[in-house]
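Asks: I'd like to ask you about the structure that follows.
Here you go:
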């Protein structure tokens with residue numbers, strides 16, 4: 001017969017951390033700590049195999065299990081110096097489930113098992129605290145009745161309420177030992193009357209019931225649903241952990257606390273923790289009493305900050321270092337031992353029962369991004385871990401916190417609404433409701449928050465000058481969100497609670513009305529909309545950050561480029577380590593800053609024939625050329641991929657009557673003509689309409705002019721001795737014919753410009769792969785493409801048939817109901833869209849083995865998506881400037897997890 | 001050395017029809033006819049290999065070619081009894097290119113080669129017609145100078161014009177022999193002066209030049225472009241055909257004519273043709289003189305129809321049977337021989353030179369659909385061909401002509417505009433501009449044509465009562481087109497020339513104004529919009545049609561279902577041989593006929609919560625149930641696939657102010673509330689929005705009600721003893737979770753209904769595969785699907801990123817520029833979308849080997865798409881009722897070409 005029960009205690013455990021499958025996560029960890037010589041309350045683990053056998057065996061215990069349990073209980077009694085059911089010095093135990101992987105909320109814990117009318121007297125004796133003993137007993141009955149006997153929790157609450165009313169008190173802890181004793185009697189009476197049975201008094205019967213309840217919890221509907229959602233096989237089963245109770249609330253020689261082995265906020269290598277004398281674990285968390293600092297230094301610092309004298313501090317709030325120096329020393333040693341063993345910062349829980357220290361839990365501690373970096377880099381320097389481990393230790397997403405201003409975490413703020421955390425950071429400003437107003441207020445020296453129902457390319461100039469953007473509609477990849485992330489500007493998008501009244505210049509959010517000029521604060525990292533001016537803090541980028549980035553660059557094989565449309569964005573990205581521009585959108589250049597730009601664009605759109613169109617385009621040419629010169633200059637010798645015009649033309653026309661009138665006036669044409677054109681260009685589904693390379697087929701002169709501008713810019717710099725390698729990218733290709741034709745005339749224009757300028761440049765002409773069809777026929781497309789750049793925003797839209805601007809009506813529900821694991825516009829859908837990427841890449845490289853392949857959708861900045869791109873063999877990812885460091889780290893992690901280097 | 005030149009003439013040819021690759025299409029056919037003993041003017045073919053060698057050999061003739069040509073020319077001279085360059089009886093030849101596949105317009109033909117100042121005299125002698133001879137000579141110089149010497153064609157035209165002015169005449173044929181002789185002299189002088197050379201007088205030099213010109217034409221830009229577009233390899237090369245000229249215009253003993261071996265219009269087995277005495281081939285086609293009938297019977301019939309007396313007929317328009325009885329008899333024999341050999345109706349061209357009959361061409365004759373069927377069936381009965389050949393002989397698309405009324409082909413009509421031939425057939429009616437007007441006029445007994453800028457589901461009832469529909473916007477798969485085809489109703493869509501002024505009830509098409517009540521005729525087969533009332537003819541469906549369909553059904557392995565939403569459509573389709581309904585759209589049922597329907601739907605949409613929604617749905621339930629009962633009853637025991645609600649909800653709300661006011665009034669709510677809801681539901685890209693199964697996830701009660709109606713209907717009929725197998729189809733599934741959840745509650749509803757009704761039904765729950773992602777993860781989806789139905793309309797939209805309603809702005813150009821071979825909404829894009837279908841089917845069957853798979857997009861009625869569906873292994877196609885016979889034939893052909901049956 002195989003071993004069913006694994007003991008841990010007194011520095012020796014039957015199991016180890018490796019036995020997770022057999023002992024469950026909790027059981028294996030308790031065994032591991034015990035083996036490390038860490039003082040853990042003794043106990044034993046019933047294996048997951050027993051659970052499986054229990055179900056296979058018609059819900060009966062396997063033969064011999066009871067004996068094994070009894071043997072192990074004896075070991076626990078010996079280790080703890082108490083007796084299970086002993087009326088003088090009773091051993092109480094907790095019973096908990098513990099599967100291979102954590103399944104939160106699967107079963108409630110049963111504490112204080114072993115109490116009955118006799119043993120409670122023993123507990124009174126050993127604790128010297130009658131109230132504590134009776135309170136423990138009444139809690140046990142309540143918990144056990146609910147979890148094991150199936151009684152409704154609220155029944156007991158009702159009995160307590162009745163008692164409190166009778167005693168004229170309002171809080172549970174105002175009840176006396178006598179009251180609690182009476183409650184125990186009432187509980188038992190209720191059970192007898194309603195469940196038609198006695199509450200079990202035999203500790204062994206209690207234990208059997210509790211163990212069975214854990215087994216049965218494996219099949220409760222909550223657990224079944226959880227397993228289904230997380231694809232956990234039913235046959236894994238759960239282990240059962242039975243562990244001796246220890247009490248930090250047995251008097252002034254007892255205490256309980258939590259600590260981090262380093263500062264989880266800054267990463268500093270100092271011991272950091274709090275404790276409470278004569279308290280239980282939950283008291284520390286509940287915050288009813290002020291916890292005390294563990295170390296003397298921290299305690300003194302705390303007193304200073306709170307204006308408490310050293311005398312008062314010593315008297316009322318001594319540190320553990322002073323109050324129980326021997327326990328403190330022991331903790332210091334454990335801190336070192338745990339970090340040495342787990343090679344990571346630990347978050348520990350401890351309890352001191354009558355001056356004896358017990359560790360209840362240790363786990364890797366949560367930390368801020370800043371702390372994560374500092375700890376990882378410090379630990380390499382301390383020789384605890386290697387660089388590889390350090391790189392894997394920091395969540396790339398955590399870096400985001402370091403790259404934007406934040407709301408002072410200490411500040412109290414009034415959150416009035418919540419939207420999507422569309423672009424991180426925080427912003428404070430005065431509310432305005434149009435791009436023009438934003439510009440006007442900005443010119444007058446105000447900081448503004450631009451509030452719109454939704455934004456469109458016409459709002460770009462207003463977004464540029466705003467501190468932050470709030471929209472009522474649109475998702476994580478709506479125009480506002482994408483543009484704001486590109487600018488590294490705080491944005492809260494799709495705040496459905498906001499009713500924007502642009503005409504009357506006000507927005508109402510859950511009853512709060514903001515008029516033009518009112519102060520508002522946005523938290524783009526959380527989606528919070530905050531009343532007034534919250535204090536901001538600039539993030540401190542410590543030296544460790546730079547160190548970690550250098551290590552990441554040493555490791556990664558995937559290049560990181562940026563999506564940047566302006567010299568400013570390009571500069572930011574370059575400073576953040578971008579290795580080129582992967583996507584330079586040319587359409588944003590069509591709006592401001594000079595009003596002549598959009599005017600010329602509109603002239604082009606209104607043109608009746610190719611000649612008139614060319615004339616208008618010739619006015620746009622010098623602006624585009626200047627833009628490209630500025631960007632090439634900023635990026636120096638790094639590659640720059642420029643995408644030719646992508647959006648439908650109607651995006652450049654005003655859609656409101658006022659704007660149309662202004663345009664008509666400016667262009668000297670009747671407003672009817674403007675309206676007619678707007679109507680003629682309007683589409684049922686613009687996303688699937690006349691845009692991208694379709695423009696370049698119907699109006700070749702548009703693309704030709706852009707190509708001319710690119711090459712004139714490149715030639716101008718080449719003449720000054722700068723190396724420029726322009727990469728021209730054709731958007732929305734779905735057929736070989738489109739690319740072939742556009743490539744043909746683009747090459748012609750490029751060669752003409754170079755001949756005229758007397759300059760010979762290397763250049764590439766490639767395409768976006770953003771339509772399913774393009775991926776499917778990538779072998780043919782690659783014949784005409786020097787590079788592929790996967791546009792995963794559109795690819796996601798087409799593959800799912802989701803419009804990112806409209807999906808808000810169902811996508812959140814899909815994620816909530818787990819129909820989708822994530823928002824597919826944020827994290828690449830590897831299962832579906834990923835197949836198309838892989839097909840496209842494989843087929844493309846089959847035709848052209850050295851085809852350069854990258855990704856330039858929003859997913860280019862998402863760590864899990866970056867890992868996917870690395871795995872399938874892409875050359876680069878391209879993302880918003882502010883996500884470049886995140887991508888660098890994610891790329892390094894991807895290489896470490898899936899090495900390409902031999 | 002291999003043979004370079006292949007002779008044909010005098011009943012013996014070196015080549016055969018099988019030698020197409022070597023001799024080109026024309027050469028092989030001339031050889032074949034010669035071998036059949038058909039009197040073909042003698043000649044020879046220089047092989048395609050010579051062309052290739054010519055290019056490989058620096059544009060030199062291979063050694064020995066000249067000798068071979070001379071030898072073969074001798075054989076031609078012998079066969080024709082004339083001499084090449086003979087001054088008394090000159091042999092003239094034509095020189096033509098001839099590649100493996102026909103490449104129209106690659107090179108102009110050179111005729112009359114061999115003429116010079118001496119041989120022209122011989123031609124005068126042998127023809128006895130001086131003017132003819134000089135005219136032939138001057139034409140030859142003109143043609144040769146242009147094609148071989150590269151002279152500009154217009155120069156010679158200018159010289160003729162000058163001559164005509166000088167002679168005071170306006171037509172070429174008013175010039176005399178003397179004039180033409182002078183032209184020859186002027187031409188030669190021009191050549192000398194401008195091309196700096198003499199016009200070649202040596203017939204052999206002429207011939208060498210002509211042969212080289214043919215070779216060189218293979219590499220001219222026109223040919224290169226044509227080959228690129230049609231993927232014809234350059235190395236195929238072209239053959240050169242040199243053939244003796246014969247003349248039907250040598251006098252009254254000469255003639256020329258064309259004939260069909262059977263009537264190409266009706267298919268009747270009678271000889272059918274026309275001829276002209278003393279004329280050239282082009283004169284018959286040009287229609288300058290009235291051609292005469294070949295057979296006496298036809299001649300007499302013609303005279304009768306044209307009121308010509310027998311005497312006049314005999315004198316002026318004798319039949320060939322009377323005029324040259326020996327030639328007529330020879331033609332009759334050739335007719336039999338040709339049909340016996342080619343096993344198909346032939347279209348022949350012949351020339352009689354001095355009472356000697358020559359055949360110049362024979363090819364399979366073009367014919368109407370009716371003729372195609374009759375000929376194919378007749379030929380089986382005559383033992384000429386087998387059933388398989390008969391089935392392959394009829395183009396499925398040709399059947400379309402037989403299934404709709406047509407405009408009388410003899411009628412003269414005034415075409416005022418042209419749109420897309422969106423739904424075939426013809427319609428005459430009085431113009432109306434709204435669905436309501438259509439209904440009102442219809443009730444008053446008028447026939448109406450509904451004219452709209454575009455249609456929407458609100459127009460359905462108006463479309464139902466209209467004879468035909470004309471829209472100004474939308475493509476072949478726009479709402480109007482799809483619905484009209486489904487109804488088998490004539491529709492011209494996307495007529496961009498039509499400016500519809502719905503407010504003032506008029507439409508202007510190229511200056512023609514139609515007001516309400518004006519008569520209009522539509523030709524949905526051609527897209528023509530016609531002024532007034534054109535006469536219509538009802539198609540005659542001969543017995544052969546039924547026979548052919550029976551044969552098709554014997555052969556095919558692919559089932560044919562129909563897309564039908566009403567009992568009427570279902571009945572039509574069943575009569576046409578549909579084997580079930582593959583797509584029954586439920587949304588059309590939400591509109592009329594009873595106004596309570598749409599009212600209840602709108603109540604549902606306005607509902608604030610699930611309860612209110614359920615209440616509204618309960619009003620819809622009985623209507624839906626009644627609809628399903630009617631359809632099930634019509635289809636009897638055949639399967640019916642019902643698709644749950646697919647379109648976005650806003651399609652059910654009025655979008656114009658008037659409609660919104662009416663709705664508000666009817667529902668007793670303020671109009672603002674209606675507008676608010678319309679705005680709330682409006683989407684940027686409705687095609688990619690909140691529709692299909694997304695509705696069924698967010699508002700499960702909608703789908704649940706539909707499922708309830710389906711099963712209540714099925715149970716009601718089952719109780720009456722009818723076998724019903726409902727197939728519930730979930731639209732727009734993109735994730736397994738969607739299907740899993742909707743399946744779960746649908747099964748629950750179905751089981752509840754059946755339990756309540758005490759009936760146990762077989763039923764299937766399946767899904768549309770219409771999103772790229774669904775195809776990519778079809779293995780997972782198949783776990784929850786009893787069947788797949790590919791929705792290729794949406795699949796095409798998503799795969800290409802085309803909105804079918806907006807693609808009109810670029811798709812026609814794409815087809816024109818050959819970027820796309822066809823309109824991908826009409827013919828399935830096998831290359832791209834086809835890959836997804838194959839992936840979906842293969843993955844689906846991997847999970848569920850017996851998965852039933854079909855297609856229900858518009859492509860289900862297109863023959864090439866049907867062949868694809870057959871090839872990849874689908875079980876069925878589903879198409880509009882009126883395309884069912886087409887699909888049956890196409891499916892038979894698919895099986896014959898790609899047998900599934902062993």
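Protein chains in written order, with the UniProt record's numbering: chain A, 1 to 902; chain B, 1 to 902. Think of the CB as a built atom: it goes at the ideal place given N, C-alpha and C, for glycine as much as any other residue. Computed from a prediction, not measured in an experiment: that's the story for all the values here.
1. Looking at the C-beta of residue 794 of chain B, does it have a partner C-beta in chain A at a distance below 9 Å?
2. Check residue 662 of chain A in the structure and name its three-state DSSP category.
3. In the DSSP assignment, find the alpha helix (DSSP H) that holds residue 342 of chain B and state where it starts and stops.
4. With 16 as the cutoff for other CB atoms within 10 Å, does residue 206 of chain B come out buried or exposed?
5. Let me see if you follow: with CB-CB separation under 9 Å, is residue 806 of chain B close to chain A or not?
6. Could you give the residue range of the alpha helix (DSSP H) that holds residue 712 of chain A?
7. Closer than 9 Å, CB to CB, is residue 294 of chain A near chain B or not?
8. With a cut-off of 8 Å on the beta carbons, I'd call residue 264 of chain A and residue 275 of chain A a contact; round off their distance for me.
9. If the criterion is Cβ atoms closer than 9 Å, does the pair residue 499 of chain A and residue 472 of chain A meet it?
10. Does the distance from the C-beta atom of residue 278 of chain B to that of residue 241 of chain B stay below 9 Å?
11. Residues of chain A with CB under 8 Å from residue 819 of chain B, in chain order?
12. Could one say the Cβ of residue 33 of chain B lies closer than 9 Å to chain A's Cβ atoms, at least one of them?
13. Under 9 Å between C-beta atoms, does residue 350 of chain A make it to chain B?
14. Looking at residue 28 of chain B: is its Cβ nearer than 9 Å to the Cβ of residue 22 of chain B?
15. Mind checking residue 489 of chain B: buried by the 16 CB within 10 Å criterion, or exposed?
16. Would you check if the distance between the CB atom of residue 365 of chain A and the CB atom of residue 262 of chain A is smaller than 9 Å?
17. If I follow the unbroken alpha helix (DSSP H) through residue 120 of chain A, where does it start and stop?
18. When you check each C-beta in the segment 771–783 of chain A against every C-beta of chain B, which residues fall closer than 7 Å?
19. If you draw a straight line from the alpha carbon of residue 524 of chain B to that of residue 410 of chain B, how long is it in whole angstroms?
20. List the residues of chain A whose Cβ lies closer than 7 Å to the Cβ of residue 797 of chain B, in chain order.
21. By a C-beta neighbour count over all protein chains shown, 10 Å radius and 16 as the cutoff for buried, is residue 657 of chain B buried or exposed?
22. Kindly list the residues whose CB is nearer than 7 Å to the CB of residue 716 of chain A, restricted to its own chain and excluding five residues on each side of it in sequence; keep chain order.
23. Chain B partners of residue 732 of chain A, CB-CB under 8 Å?
24. Using three-state DSSP, classify residue 454 of chain A as helix, strand or coil.
Replies: So, from the listed chains and residues:
1. Start at 1 with the first residue of the second chain, and residue 794 of chain B comes out as number 794. It does: the Cβ of residue 794 of chain B has a partner Cβ on chain A nearer than 9 Å.
2. As a working mapping, residue 662 of chain A is identified with position 662 in the first chain. Three-state DSSP puts residue 662 of chain A in a helix.
3. Here the question's residue 342 of chain B lines up with position 342 in the second chain. According to the DSSP assignment, residue 342 of chain B belongs to the alpha helix (DSSP H) that extends over 325–342.
4. Reading the second chain from its first residue, position 206 is the one you call residue 206 of chain B. If you draw a 10 Å sphere on the C-beta of residue 206 of chain B, you find 16 or more other C-beta atoms in it, and that means buried.
5. In the second chain, counting from the first residue as 1, residue 806 of chain B sits at position 806. For residue 806 of chain B, the answer is yes, since a Cβ of chain A falls inside 9 Å of its Cβ.
6. Mapped onto the first chain, residue 712 of chain A falls at position 712. Where residue 712 of chain A is concerned, the enclosing alpha helix (DSSP H) stretches over 700–719.
7. Counted from its first residue, the first chain places residue 294 of chain A at position 294. It does not: the Cβ of residue 294 of chain A has no partner Cβ on chain B nearer than 9 Å.
8. The count along the first chain starts at 1 and reaches residue 264 of chain A at position 264. The count along the first chain starts at 1 and reaches residue 275 of chain A at position 275. Contact doesn't hold; Cβ gap of about 17 Å is too wide.
9. Against the first chain, residue 499 of chain A aligns to sequence position 499. Against the first chain, residue 472 of chain A aligns to sequence position 472. Yes, these two residues count as a Cβ contact at 9 Å.
10. Along the second chain, read from residue 1 onward, the residue named residue 278 of chain B stands at position 278. Along the second chain, read from residue 1 onward, the residue named residue 241 of chain B stands at position 241. No, the Cβ-Cβ distance between residue 278 of chain B and residue 241 of chain B is not below 9 Å.
11. In the second chain, counting from the first residue as 1, residue 819 of chain B sits at position 819. Within 8 Å Cβ-Cβ: 697, 735, 737, 738, 741.
12. Translated into the one-based positions of the second chain, residue 33 of chain B becomes position 33. Chain A, which has no Cβ nearer than 9 Å to the Cβ of residue 33 of chain B, makes this no.
13. The residue you call residue 350 of chain A lines up with position 350 of the first chain. No, no contact with chain B.
14. Position 28 of the second chain, counting from 1, holds the residue named residue 28 of chain B. Position 22 of the second chain, counting from 1, holds the residue named residue 22 of chain B. Their beta carbons are under 9 Å apart, which means residue 28 of chain B touches residue 22 of chain B by this criterion.
15. Position 489 of the second chain, counting from 1, holds the residue named residue 489 of chain B. By the 10 Å Cβ count, residue 489 of chain B comes out buried.
16. Start at 1 with the first residue of the first chain, and residue 365 of chain A comes out as number 365. Start at 1 with the first residue of the first chain, and residue 262 of chain A comes out as number 262. Contact flag set, yes.
17. Mapped onto the first chain, residue 120 of chain A falls at position 120. 119–127 is the span of the alpha helix (DSSP H), which, as asked, contains residue 120 of chain A.
18. Listed by position along the chain: 771, 772, 773, 776, 777.
19. On the second chain, residue 524 of chain B is found 524 positions in, with the first residue counted as 1. On the second chain, residue 410 of chain B is found 410 positions in, with the first residue counted as 1. Distance between the alpha carbons of residue 524 of chain B and residue 410 of chain B: 18 Å.
20. Start at 1 with the first residue of the second chain, and residue 797 of chain B comes out as number 797. Result: 688.
21. As a first step, residue 657 of chain B is located in the second chain; it is residue number 657 there, counting from the start. With fewer than 16 other Cβ atoms within 10 Å, it is exposed.
22. Along the first chain, one-based indexing puts residue 716 of chain A at 716. 629.
23. In the first chain, counting from the first residue as 1, residue 732 of chain A sits at position 732. Within 8 Å Cβ-Cβ: 801.
24. Your numbering for residue 454 of chain A matches position 454 in the first chain. In the displayed model, residue 454 of chain A falls within coil according to three-state DSSP, outside both helix and strand.
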